[in-house]
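Trainee:
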Amino acid sequence: MEVEETGETRTSWSSGPGETHFDHAGKKRKQDPAPEPVIRIIEDEEEEDEGEMSDHLKDSEEPSNKRVKPVAKSNSLTGVITPVKTPALKRIGQSISRSISFRTDARPLPPAPLRSRTKASSFPRRRNSQCWSDTVESHDLTAKEIKRQEVIYELTQGERQLIDDLSLVKKVYYEPMLKLDIMTESELGQIFGTLDSLIPLHQDLLSRLERLRGSEKTVGEVGPTLINWFPCLEAYVTYCCNQVGAKALLDQKKQEKRVEHFLRLCQESSFSRKLDLWNFLDLPRSRLVKYPLLLKEIQKCTPPEHPDEDSLPDALELIQSIVAEVNKKTGEAECQFYRRGLNYLEESQRLPEIQQSRFLYCHGELKNNKGQRLHVFLFELALVLTRPSEDREGAQVFQVYRQPLPNASINLEEIPDGEAGGGGTFRGAFTGGNDKVKNCFRVSCRGRSKVHPYSLQANDSFSKQQWITCLRQAIVQSRDRTAQTSQSQLSPHPDPALYHIAELSLSSDTEMADHTSR
Numbered sequence: 001m002e003v004e005e006t007g008e009t010r011t012s013w014s015s016g017p018g019e020t021h022f023d024h025a026g027k028k029r030k031q032d033p034a035p036e037p038v039i040r041i042i043e044d045e046e047e048e049d050e051g052e053m054s055d056h057l058k059d060s061e062e063p064s065n066k067r068v069k070p071v072a073k074s075n076s077l078t079g080v081i082t083p084v085k086t087p088a089l090k091r092i093g094q095s096i097s098r099s100i101s102f103r104t105d106a107r108p109l110p111p112a113p114l115r116s117r118t119k120a121s122s123f124p125r126r127r128n129s130q131c132w133s134d135t136v137e138s139h140d141l142t143a144k145e146i147k148r149q150e151v152i153y154e155l156t157q158g159e160r161q162l163i164d165d166l167s168l169v170k171k172v173y174y175e176p177m178l179k180l181d182i183m184t185e186s187e188l189g190q191i192f193g194t195l196d197s198l199i200p201l202h203q204d205l206l207s208r209l210e211r212l213r214g215s216e217k218t219v220g221e222v223g224p225t226l227i228n229w230f231p232c233l234e235a236y237v238t239y240c241c242n243q244v245g246a247k248a249l250l251d252q253k254k255q256e257k258r259v260e261h262f263l264r265l266c267q268e269s270s271f272s273r274k275l276d277l278w279n280f281l282d283l284p285r286s287r288l289v290k291y292p293l294l295l296k297e298i299q300k301c302t303p304p305e306h307p308d309e310d311s312l313p314d315a316l317e318l319i320q321s322i323v324a325e326v327n328k329k330t331g332e333a334e335c336q337f338y339r340r341g342l343n344y345l346e347e348s349q350r351l352p353e354i355q356q357s358r359f360l361y362c363h364g365e366l367k368n369n370k371g372q373r374l375h376v377f378l379f380e381l382a383l384v385l386t387r388p389s390e391d392r393e394g395a396q397v398f399q400v401y402r403q404p405l406p407n408a409s410i411n412l413e414e415i416p417d418g419e420a421g422g423g424g425t426f427r428g429a430f431t432g433g434n435d436k437v438k439n440c441f442r443v444s445c446r447g448r449s450k451v452h453p454y455s456l457q458a459n460d461s462f463s464k465q466q467w468i469t470c471l472r473q474a475i476v477q478s479r480d481r482t483a484q485t486s487q488s489q490l491s492p493h494p495d496p497a498l499y500h501i502a503e504l505s506l507s508s509d510t511e512m513a514d515h516t517s518r
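Just so we're aligned, residue 1 is where the sequence shown starts under UniProt numbering, counting upward by one.
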């Protein structure tokens, strides 16, 4: 049976062999020889909805001059109902198709529940948040004590969620990639680091916190438990120090099609909550820096003369020292990693200040006055401008651009937004043809006429302010260190007058130059 659309909106129905065809006016048309009549029911799960019955009733009210020849029963389902674009005719075809399905031996339409498979996944992208108050039926606590229980419950639930996420990373990412040979065991070891050892560590804290809950689901004293467990977090030093190289290797491996395809499928799956692999690998570090915040909240909600009143300050001091140590070691590892990635074009670029630097103040993308994108590193003792590149193996390296500047010799000039760029220094590259500059600053080197000033532009005003702040801090601290080193070499008794350098105002480099020249 066919439904045809013509310029005259003529509808014809093809029936069995030897039967006559009628047009819209009821006139006979030429008989077409046809094989055994066949019917095929087209199932369109995507377009069927809860309004099927209303469509069917609406179709039954169409003009009666549209004749439909009775259709003989047939077990063959090789015919085709041709879909049409006109909505009215499409509803007619669907309605008649459903009607025929009850008058023939053709198989029925799928039951309605099966259509749910075409809907989007019902898994939530985020976990459902639950408060401590939702777990108890009644209580007689004060508002402050309720808040305290809520924070402790948040601490407990956070441990449970972290354990679930780390276990998921191991089961869904690490093991399949190893089994499918998507990455080598060595590469996976570099990317995942000591992640596997963190799971039992947090399982231990979770079990301790759950044992503290009484019959009324309240926790009394939590300070001693945290004091005894926090030293276990020193294991984070190894994990976080490895993250710098792990991120670089993961970014490199993502360039391979098999790796990219596998990670994309995982991210699109419901279990990932739209997070990529690195989001999961960074969860332990995020959890570490959250402990001091949670302890401060617990301490704030702890009433006087509570058993935790004396232990919570000690626990807070302990976790803050651990976080500071992890940050320090991670900074040193990051500094070493990027130092190894520097590619010097000239031997004169290898400043001793670069190798002596122990940490990075900051690093990121800036533009020079030619509009070229540079990756700039502000090490502890030197400022290095580089161009990102790749080695033969596809690993990222940084080609040193121009001569690096020792921080102690840097003059910093902040260029206010809207100031005219004289001499064509900023024209075109920074302003797109206008004479106004934005988010720019200039660095130069004192006492070195061969080193030209570097005019740099940040992406936005916030980024510019961050660079200005870090540069000023690096300049003052480097000059202070240089002064102390020089004085210790001349005399065993340092001159206290030299320590005024560390107390200089950071608002003007001219002021710093005047002080140091006195």
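Using N, Cα and C, we set each Cβ at its ideal position, and we do this for glycine too. None of these values were measured; they are calculated from a predicted model.
1. Compute the Euclidean distance between the alpha carbons of Leu-250 and Asp-164, then round it to the nearest angstrom.
2. Could you give the DSSP three-state label for Phe-462: helix, strand or coil?
3. Are the segment 397-414 and the segment 340-355 in contact at 8 Å, needing three or more beta carbon pairs?
4. Who are the near neighbours of Gln-190 in its chain, counting only those whose CB is closer than 7 Å to its CB and skipping five residues on each side?
5. Under 7 Å Cβ to Cβ from Ser-121, same chain only, skipping five residues before and after it: list those, please.
6. Would Leu-294 and Leu-205 be called neighbours here (beta carbons separated by less than 8 Å)?
7. Using 8 Å as the threshold, is the segment 168-183 in touch with the segment 215-231, meaning 3 or more CB pairs across them?
8. For the alpha helix (DSSP H) containing Cys-241, list its first residue and its last residue.
9. In three-state DSSP terms, what is Asn-407?
10. Between the alpha carbons of Glu-414 and Ile-468, how many angstroms are there, rounded?
11. Could you have a look at Ile-199 and say whether DSSP puts it in helix, strand or coil?
12. Using a Cβ-Cβ cutoff of less than 8 Å, which residues in the same chain neighbour Gly-214 once the five nearest sequence positions on both sides are dropped?
13. Count Cβ pairs between the segment 392-400 and the segment 332-345 that sit closer than 8 Å; are there 3 or more?
14. Roughly how many whole angstroms lie between the Cα atoms of Glu-347 and Ser-444?
15. Identify the residues that DSSP records as bridge partners of Phe-192: which are they?
16. To which residues of the same chain is Val-451 closer than 6 Å at the C-beta, ignoring the five residues directly before and after it?
17. Quick one: give me the first and last residue of the alpha helix (DSSP H) that Tyr-291 is part of.
18. Is it true that the segment 362-382 meets the segment 453-462, where meeting means three or more beta-carbon pairs spaced less than 8 Å apart?
19. Bridge partners for Leu-374 per DSSP, in chain order?
20. Which residue comes first and which comes last in the beta strand (DSSP E) that contains Ser-311?
21. Could you work out which residue in Ser-478, Arg-373, Glu-305 and Pro-284 is closest to Pro-200 when comparing CA atoms only?
22. Under three-state DSSP, which class holds Leu-162?
23. Since Asn-343 sits in a beta bridge, which residues does DSSP pair it with?
24. Name the two residues that bound the continuous alpha helix (DSSP H) containing Arg-264.
25. Is any non-hydrogen atom of the ligand MG found closer than 7 Å to the C-beta of Glu-221, if you look at the structure I gave you?
26. In terms of alpha-carbon separation, which member of His-261, Val-259, Thr-194 and Gln-267 lies closest to Leu-233?
27. Is it true that the segment 301-312 meets the segment 139-159, where meeting means three or more beta-carbon pairs spaced less than 8 Å apart?
28. Just tell me which of His-375, Asn-242 and Gln-372 has its CA closest to the CA of Lys-329.
29. Just to confirm, are Asn-407 and Ser-486 a CB contact at a threshold of 8 Å?
30. Does the separation of the CB atoms of Phe-359 and Glu-332 fall below 8 Å?
31. Check for me: the alpha helix (DSSP H) holding Gln-349 runs from which residue to which?
32. Residues in its own chain within less than 7 Å of Thr-218 by CB, not counting five upstream and five downstream?
33. Taking Cβ positions, are Leu-198 and Tyr-239 nearer each other than 8 Å?
34. What is the C-beta distance between Arg-208 and Trp-229, in whole angstroms, given that I count them as a contact (C-beta under 8 Å)?
35. Just list the residues that DSSP pairs Arg-213 with in beta bridges.
Mentor: So, to answer that:
1. 22 Å
2. Reduced to three states, the DSSP call for Phe-462 is helix.
3. Pairwise C-beta distances place the segment 397-414 in contact with the segment 340-355, as three or more of them are shorter than 8 Å.
4. Gly-245, Ala-246 and Leu-249
5. Model confidence at Ser-121 stands at a pLDDT of 37, short of 50, so the residue's coordinates are unreliable; what they give is reported in the following sentence. Cβ neighbours of Ser-121 beyond the five flanking positions: Ser-270.
6. no
7. Three or more Cβ pairs closer than 8 Å define a contact, and the segment 168-183 falls short of that threshold against the segment 215-231.
8. 236-253
9. helix
10. 8 Å
11. The answer is helix: DSSP assigns Ile-199 an H, G or I state.
12. Gly-220
13. yes
14. 21 Å
15. DSSP lists no partner for Phe-192.
16. Gln-403 and Cys-445
17. 283-301
18. Contact between the segment 362-382 and the segment 453-462 is present: 3 or more CB-CB pairs across the two stretches fall below 8 Å.
19. Residue pairing of Leu-374 in beta bridges, as defined by DSSP: Leu-366.
20. Run containing Ser-311: none in the beta strand (DSSP E); it sits in the alpha helix (DSSP H), 308-340.
21. Pro-284
22. helix
23. Bridge pairing for Asn-343: Gln-399 [DSSP].
24. 257-268
25. You won't find the ligand MG in this model; it holds no ligand whatsoever.
26. Of the candidates His-261, Val-259, Thr-194 and Gln-267, the one whose C-alpha sits nearest the C-alpha of Leu-233 is Thr-194.
27. yes
28. Asn-242
29. 8 Å or more divides the Cβ of Asn-407 from the Cβ of Ser-486.
30. yes
31. Looking at the DSSP string, Gln-349 is not in any alpha helix (DSSP H), and its letter there is neither H nor E.
32. Gln-149
33. Going by beta carbons, Leu-198 and Tyr-239 fall inside the 8 Å limit.
34. 6 Å
35. Looking at the DSSP assignment, Arg-213 forms a beta bridge with Val-219.
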